[in-house]
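Shown next, in structure tokens, is the structure this report addresses.
2 protein chains.
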Amino acid sequence: MTAYDYPLTIGKLLVTPIAQKSAAPIVHRGRRFSYSEFVSRLHRLANVLAGAGIGAGDRVGVLDWDSHRYLEGYFAVPMMGAVLMMANPRLAPEQLAYTLNHAGVKALLVHPDFIPLFQAVRDHVPSIKTVIAMSEDHRAPEGLCCLGAYEALLEQAAPHFDFPELDERSTATTFYTTGTTGLPKGVYFSHRQLVLHTLTLLSNSALASRNGRVDRETVYMPLTPMFHVHAWGFPFVATLGGLKQVYPGRYIPAEILRLIAEEGVTFSHCVPTILQMLLSAPESARYDLSRWQVVIGGSALPRGLYEAARARGIEIYTGYGLSETCPVLTVAQLKPGIEGEAEAAARISAGLPVGLAEIRTVDEAMRDTPPGVPGEIVARTPSLTPAYAGETEASQALWRGGWLHTGDVGYFDEEGYLHITDRIKDVIKSGGEWISSLAIESLVSAQPGVAEVAVVGVPDPRWGERPLVLIVPKPGETVDDSQIREAIGLAINEGRLPRYAMPEHVRIVEELPKTSVGKLDKKTIRARYGVG
Amino acid sequence: MTAYDYPLTIGKLLVTPIAQKSAAPIVHRGRRFSYSEFVSRLHRLANVLAGAGIGAGDRVGVLDWDSHRYLEGYFAVPMMGAVLMMANPRLAPEQLAYTLNHAGVKALLVHPDFIPLFQAVRDHVPSIKTVIAMSEDHRAPEGLCCLGAYEALLEQAAPHFDFPELDERSTATTFYTTGTTGLPKGVYFSHRQLVLHTLTLLSNSALASRNGRVDRETVYMPLTPMFHVHAWGFPFVATLGGLKQVYPGRYIPAEILRLIAEEGVTFSHCVPTILQMLLSAPESARYDLSRWQVVIGGSALPRGLYEAARARGIEIYTGYGLSETCPVLTVAQLKPGIEGEAEAAARISAGLPVGLAEIRTVDEAMRDTPPGVPGEIVARTPSLTPAYAGETEASQALWRGGWLHTGDVGYFDEEGYLHITDRIKDVIKSGGEWISSLAIESLVSAQPGVAEVAVVGVPDPRWGERPLVLIVPKPGETVDDSQIREAIGLAINEGRLPRYAMPEHVRIVEELPKTSVGKLDKKTIRARYGVG
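Residue numbers (the working numbering), protein chains in the order written: chain A, 801 to 1332; chain B, 801 to 1332.
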């Protein structure tokens, strides 16, 4: 048999921009590379890494802002048969060191901005044999005892590397996800999974008849960091498509706005906070954002931010996914005929499952919940992490029943849009039904006098759990029990909350426990108030 | 390990139209099915076939016009683990019988129009155990001794079939390709190959910024028969996308034009002959075709037909592929900035390689030819037939050097568009260079007095081969040698033909040998004139 068994490997994504002779550049800090130059730099990078002893299966970590160099790492490292480890510079040093050690990182590519962080972890990660400075120029900065500066090393490297034919199931990338508790957990993705993520994401974009288009005239700029879940996978999509790509470095609002204008950026993705930052930057009003399409993910898109973005002419809508899912599971493309308030609701929802994605909302026995009824969101796609690296128990829980458990609760509406209502660990399980803590919190937070609110489930001998509402009043104001019950009662009568959502317990408190990043710490809240 | 290893099987293509709750119908002869109804009919069809003893690996043949029933066969048969055999009703009975026997067809689904053909082959194909009538109604026609009529059988069948989880590499479809010589040869494609063909085709459509879009508001109607190379793969694309699909039955120009208007068809694909037939139909001028996009393939798009289609406002462009390639290798999407005469040339060219397709033009030693220089077109994609069924020698020739040999000669231009210049067996190999017989024929055919022309290579002791030009003059007219040489000389001086294309031999003949379908029979021409 002499037929070629075409493997779905990351290097194959480069065939198309070269074959279609894309004239679009890859841009970073004023430097512009053609796709041919980009490919030739991959060869040089592979020679640099191979010269430093990196081979098949070795872990190569990157600590960088969004740059064309990072994109080169996305390709050259897996194409060598090595594994790209996207290190997270937002972690505390001990957490970062844990992840680098757990992955067994052998070479680390470090941007000079992260030298202090690197110095804090260096002695705790004995596996690191090689360090390369991700400098903007040819100089390696002081304080980084390293092989050299990336650009200088590339310049000296041989221009051809003989990339091996790889098994599509070999691991290409890994990174760590941090929950509210416990140590970071490693997820990992094969070449095949990343190629299929790319194809399903791009082919899903084809179906867009209103929002959600990505075509060869799109100008792409990530605003989700490249160390975070493959920048949601879009750099691979943009490369396969031969799109113009703009890499913004560290996220500085004035610089991002300037790039959008000067480079003609038409497509980005980010968390709500980044968009909020851009809209409220002092220079923001000077810029025309009406040609800009933005996918929002990472957390729910607040209605106010949605309205503000629409008022600026931004083509805004959501996507949904997790570190464990590569990540994209859903995208809120508008179907024909969805207009007015339904359009806003659809754009803010998590969206429609992308091509090939099997997504269910299930009860605890893994039975499908009907449309409109929340259940845990579970998924099967070609691109889900097979496990948490080295964590048997957590992996089995992740894949209980052969479906990946997202830990999120949501429901599908009649049009197929997924709406997320809660985290499963925060949902209140009452008499076999699920009550969304977020839905009650959202309602109560809009009542006069309410500064903060938390709703948690507390044990109940008859129903299993019942909602407890905890309220911090605004300074100098008072909130009373009956006012809150009245508001909830009204929502129940109007069908916005289920009947069993009426809380028996409403308590006024002085403050609510928070996590280090300022989110409600529901675990502590439950521990503190759960008895009562 | 409890993770789900998502297989690329044809049944997975149905996940998305259902999940995205497509409201679009599948239409045939006034009947309209929702995607849910379509899926439930697949279950019933599988039960009918299983009841008739069809199981994993069995071949199920279909002899039908384009219908929703054929589409059901595209899905239900492979989803059972059986293999769909697309029988070609255009074959002579003995050829059809050969293909049915070679495939070992166990059940055959026959449209009543093909009863005479079926009766002619029936006794020669002992493997057929079950026959189902693809009638438009519940009645099985006379003359077809069969299990029953498709619609009646579906109605009686149980509504749920337990489709097995399949290995993505199991064979899903097979059909036969007929060359000008020899017996038909069987090609075959796995589930994985068809899913990847669907994803690469749809994701390639995403990149279209000008022509070539297929989105969820597209209304699709095939005009390449479903028995021919999966109707170029578009029924799978349309189903994954949840598009409205219109199946036209037998191709009758008036009926096709009516369907385009009444069903709002916006996307089709066909060979030039079909488009020519539609444009020249008596009722054609009454119809607005300006919302219609048509991909032309199968043979070169003549400039005249292109102009006629553009004059009607049709969004026309080409695609290229073979039975052996699933089929799509290239699509002539316009890149930004390609305008005017370059636009026409691009739309008429074979087009740009689709996503992941590796396509080269090579000389006999498999070295790449430079841009502009013709060579044999060879390919690697995820969706190529691994062999000709049971034909070791032909399979090795097909895959010589690990690349699929198309048998076509062409070159890439500077923008990446592929231009096909000849069939390799017709190209004239002169002094190490290739001369396109088609290029000379095209030029000579435009000369006054020329009714028909054929150019073939004849043996030459010094150059290997040299072109021989054979001309049939128009009735009552004469053509002379020097006039033809002069025209060719002009083309050479203008760089439209290479210098070594000037023929030593021009002969005036009374007629030219043709094949049964009216094409020039160059094999016979070479045999008859090759000595001289």
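A virtual CB, placed ideally from N, CA and C, is assigned to each residue, including glycine.
Small disclaimer: the values here were computed from a predicted structure and weren't measured.
What does residue i pair with, by DSSP beta-bridge criteria?
i	result
Ala1254 (chain A)	A:Leu1270
Leu1320 (chain B)	B:Lys1314
Val1178 (chain B)	B:Arg1160 and B:His1205
Glu1233 (chain A)	A:Ser1230
Ile826 (chain A)	A:Phe833 and A:Gln1045
Asp1222 (chain A)	A:Val1209
With a cut-off of 8 angstroms, does the C-beta of residue i fall near any C-beta of chain A?
i	result
Leu1002 (chain B)	yes
Thr809 (chain B)	no
Trp1199 (chain B)	yes
Gly1332 (chain B)	A caution first: Gly1332 (chain B) carries a pLDDT of 46, below 50, which makes its placement in the model unreliable, though a value can still be read off. Not one chain A Cβ lies under 8 angstroms of Gly1332 (chain B).
Trp1263 (chain B)	no
Ile1138 (chain B)	no
Tyr950 (chain B)	no
Ala1145 (chain B)	no
Asp1168 (chain B)	no
Lys821 (chain B)	yes
Gly1119 (chain B)	no
Gly1064 (chain B)	no
Arg1180 (chain B)	yes
Glu1017 (chain B)	yes
Tyr806 (chain B)	yes
Pro896 (chain B)	What sits at residue 896 (chain B) in the sequence shown is Leu, not Pro. For Leu896 (chain B), the answer is no, since every Cβ of chain A falls outside 8 angstroms of its Cβ.
Thr802 (chain B)	yes
Ile826 (chain B)	no
Check whether the Cβ of residue i lies closer than 8 angstroms to any Cβ atom in chain B.
i	result
Leu1040 (chain A)	yes
Ala1132 (chain A)	no
Ala1187 (chain A)	yes
Asp962 (chain A)	no
Ala1008 (chain A)	yes
Val1014 (chain A)	yes
Val815 (chain A)	yes
Ser1005 (chain A)	yes
Gly986 (chain A)	no
Quick one: grab the DSSP three-state call for residue i.
i	result
Val995 (chain A)	helix
Gly1201 (chain A)	helix
Thr1066 (chain B)	coil
Ala887 (chain A)	coil
Val1244 (chain B)	helix
Val1227 (chain B)	coil
Gly1260 (chain B)	Note that residue 1260 (chain B) corresponds to Asp in the displayed sequence, not to Gly. In this structure, Asp1260 (chain B) counts as strand in the three-state DSSP scheme.
Ser990 (chain A)	strand
Gly1012 (chain B)	coil
Lys821 (chain A)	coil
Ala1301 (chain B)	helix
Taking only beta-carbon positions, decide if residue i is within less than 8 angstroms of chain D.
i	result
Glu1252 (chain B)	Here chain D cannot be found, since the structure's protein chains are A and B.
Completely contained alpha helix (DSSP H) runs for the segment 896–967 of chain B, where each covers 4 or more residues: 915–922 and 950–956
Those runs of the beta strand (DSSP E) which lie wholly inside the segment 1019–1059 of chain A and span at least 3 residues: 1044–1047
Residue ranges of each beta strand (DSSP E) within the segment 1130–1170 of chain A, 3 or longer: 1158–1162
Beta strand (DSSP E) segments (min. 3 residues) lying fully within the segment 834–882 of chain A: 859–863
Cβ pair count under 8 angstroms reaching 3, the segment 1002–1015 of chain B against the segment 1045–1059 of chain B: no
contact_flag[the segment 1139–1148 of chain B, the segment 1094–1108 of chain B] where n(CB pairs < 8 angstroms) is 3 or more: yes
Every unbroken beta strand (DSSP E) within the segment 1078–1128 of chain B, with a cutoff of 3 residues, ordered by chain: 1093–1096 and 1115–1121
Touch test, the segment 1064–1083 of chain B against the segment 861–870 of chain B, Cβ-Cβ under 8 angstroms, three pairs minimum: no
Segment contact, 8 angstroms Cβ cut-off, at least three pairs: the segment 1279–1292 of chain A with the segment 1316–1327 of chain A: no
Cβ contact (3+ pairs, closer than 8 angstroms) linking the segment 1239–1258 of chain A and the segment 1207–1217 of chain A: no
Validate contact between the segment 1112–1126 of chain A and the segment 1087–1097 of chain A using beta carbons, cut 8 angstroms, 3 pairs: yes
Three CB pairs or more closer than 8 angstroms across the segment 981–993 of chain A and the segment 984–991 of chain B: no
Contact between the segment 1068–1077 of chain B and the segment 1010–1024 of chain B (3+ Cβ pairs under 8 angstroms): yes
Three CB pairs or more closer than 8 angstroms across the segment 1058–1070 of chain A and the segment 890–903 of chain A: no
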